[in-house]
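For reference, the structure is listed below as structure tokens.
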Amino acid sequence: MSLLDRTGAGLSDFLSGVPDLAELLKGSTVNLAVTGLSRSGKTVFITSLVHNLLSALHQPHRMPLLKVVGEARLVAARLAGGKPGRLPRFPYERNIERMAASPADWPDRTADISEIEIDIRFHPSGALGFLLGRVGRGAATLKLRIVDYPGEWLLDLPLLTQSYAEWSRATLQLCRRGTRGETAREFLAFLSNRRHDAAASEDDARRAHDLYRAHLLAARDRHGLSFLQPGRFLNPGSLGESTRMWFAPLDFSDDAQHGARSTLGELMEQRFELYKAEVVTPFYKQYFRDYARQVVLVDVLGALLAGREVFEDTRRAIDAILESFRYGRRSIIGRLLGSAPIEKVLFAATKADHVPEVQREHLAALLRSMVALSSLDVTGSDARIDVTALASVVSTEEDTQEIDGHRVQVVVGRPVGSDTRAKFFVGNVPARPPRPEAWGRPFLNIPVFEPPVIDASPIDGIAHMNLDLALDYLLGDRLQ
Ligand SMILES: Nc1nc2c(ncn2[C@@H]2O[C@H](COP(=O)(O)OP(=O)(O)OP(=O)(O)O)[C@@H](O)[C@H]2O)c(=O)[nH]1
Ligand SMILES: [Mg+2]
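Heads up, the sequence shown is in numbering that gives the first Met the number 0, so the first residue is 0 and it goes up one at a time.
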């Protein structure tokens, strides 16, 4: 019997053997994890992705490489309504209005967790589409769910596999080096006569916490460092101020594994374990469990721009995070949280509109070598991995300029706070992590550009680079 003959009486029996079709008819959900350190571009990525998807029917030329759009199979894309028991709604409208205002501005730093869901109705391709046309109204629905959160929380994930003594040792070792030596000076001075075996004292716990937190804030805001833990000390979200957070790393001797009874070490260890159990684990359990697709955003250009220490710090932070994901059977979140394995991961260097086209390949190559070490394990897993450079929002144009008798590629844009657009020769992006001696001169000189002129209605979309390609890689198979 041919497929066509089966679209009559025995159809339901036949359909039960075709899980994809049953799923298409019912409508399915795909969770996309947008992962990235603070300022890596998560909120702008989600805002542009939503705006471009909602605009895709009107302006399909913005997203030609997302096949469901390029092949004219998209029927509708709209925001799903809120449901009880859900997280606060991602402020898409507020962000887009802000970017469309005059003067335009970027969305605020994210202070708490939020989510957004988009219903994508589409005609499946091939035989499934044909069958669906016979049995349904011809269209399938995919619900795309995305969660946004402050990037600082990502670095809480590696804490799950560390004891308080291990974390204390590693953190204090780092605190005594480079810029941290300066931002942590007061905290370290306070610790000099309060080791782990000092008598437990609430006053000391609070003072140590306050000084350590002041160091974390200065390291982030004055120096652009990212490997800063715990994340809620920088961005408490709905936790607010809580005595449960009165802890900080303490000096532990090499042979001590735990704080002894009634010591400051024991008091802080209990709070550290409570933080892991009551703050970190529930967050990841709830929000990372069903994420089969993940995009990891990295502000490679920002890290290069900020110099050697920030660049190395970003690498260290990414390494620590990828170590937790590990994408294979031995994944830490898989083991500790029972999460489903991640099937597809895309590493993306963001803000690629800051450099001319000739530099973008280097940008992706640099990110590829930055993540190579930590993602080696991927070869033994089923996860698919790719690397790209993208711009969620293009706020520059390209041009050329004559410098010292040479014609070079430049970008043209309006720096935030300036009245005029100007040409910028931003420098050269190295294709590999620079060697120590290469950091003598700055690699790049890039201002923060204003967002481009956009329309807040979901009609025209936003100019981007590779957003459609990235989405097709991550979700294309679910929109087939
Ligand atoms: N030109 C340009 N700038 C971008 C782009 N994406 C992000 N930016 C810039 O990077 C800044 C940070 O982006 P966000 O999306 O807010 O970063 P985030 O990852 O959400 O940061 P947190 O909320 O702190 O975790 C923005 O305010 C913009 O200045 C882009 O595609 N192009
Ligand atoms: Mg954000």
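Cβ atoms here follow ideal geometry from the backbone N, Cα and C, with glycine treated the same way.
Return helix, strand or coil for residue i, following the three-state DSSP convention.
i                 : result
glutamine 228     : coil
valine 386        : strand
phenylalanine 89  : coil
proline 18        : With a pLDDT of 47 at proline 18, under the threshold of 50, the modelled position of that residue is not reliable, and no figure is offered here.
phenylalanine 189 : helix
glutamine 408     : strand
leucine 375       : Confidence is the limiting factor: at leucine 375 the pLDDT is only 49, short of 50, which leaves the residue's position unreliable, though a coordinate-based value still follows. Correct three-state label for leucine 375: helix.
leucine 143       : strand
glycine 180       : helix
alanine 348       : strand
glycine 426       : strand
Can you give me the start and stop residues for the alpha helix (DSSP H) that residue i sits inside?
i             : result
glutamine 479 : Counting along the chain, glutamine 479 falls outside any alpha helix (DSSP H), and DSSP gives it neither H nor E.
serine 54     : 41-54
aspartate 203 : 201-220
glycine 35    : That residue, glycine 35, is in no alpha helix (DSSP H); its beta strand (DSSP E) goes 27-35.
threonine 313 : 307-324
threonine 280 : 280-287
tyrosine 274  : 263-274
alanine 363   : 356-371
valine 67     : 66-69
Given 7 Å as the limit, tell me if residue i has its C-beta closer than that to any heavy atom belonging to ligand 4.
i            : result
threonine 42 : Ligand 4 is not among the ligands present in this structure, which contains only ligand 1 and ligand 2.
Is the Cβ-Cβ distance between residue i and residue j less than 8 Å?
i             : j              : result
methionine 62 : isoleucine 453 : no
alanine 199   : lysine 142     : no
valine 392    : isoleucine 445 : no
serine 388    : alanine 351    : As written in the sequence, residue 388 is alanine, which differs from the serine given in the question. In this structure, alanine 351 lies closer than 8 Å to alanine 388 by Cβ.
serine 37     : glutamate 165  : no
serine 225    : alanine 348    : no
alanine 218   : threonine 178  : yes
aspartate 118 : arginine 175   : no
proline 457   : leucine 53     : yes
glutamate 397 : valine 410     : yes
leucine 73    : leucine 86     : no
So is the beta-carbon of residue i under 7 Å away from any non-hydrogen atom of ligand 2?
i             : result
arginine 184  : no
threonine 178 : no
aspartate 398 : no
aspartate 104 : no
arginine 108  : yes
aspartate 147 : yes
With hydrogens ignored, establish whether the beta-carbon of residue i is closer than 7 Å to any heavy atom of ligand 1.
i             : result
glycine 35    : yes
histidine 353 : yes
valine 447    : yes
arginine 315  : no
alanine 390   : yes
serine 113    : no
glycine 236   : no
Give the range of the beta strand (DSSP E) segment to which residue i is assigned.
i             : result
aspartate 118 : 113-121
arginine 292  : 290-297
leucine 73    : 73-78
threonine 419 : Careful: threonine 419 lies outside any beta strand (DSSP E) and carries neither H nor E.
alanine 169   : Here alanine 169 belongs to no beta strand (DSSP E); instead the alpha helix (DSSP H) covers 163-174.
threonine 399 : 396-402
Exercise. Looking at C-beta atoms only, is the number of pairs between the region 41-50 and the region 304-317 that lie closer than 8 Å three or more?
Worked result: no
Exercise. Can we say the region 265-285 touches the region 186-193, given the rule of at least three CB pairs closer than 8 Å?
Worked result: In this structure the region 265-285 does not lie against the region 186-193, because fewer than three pairs of beta carbons, one per stretch, are closer than 8 Å.
Exercise. Using 8 Å as the threshold, is the region 240-254 in touch with the region 56-72, meaning 3 or more CB pairs across them?
Worked result: Judged by Cβ distances under 8 Å, the region 240-254 makes no contact with the region 56-72, as fewer than three pairs qualify.
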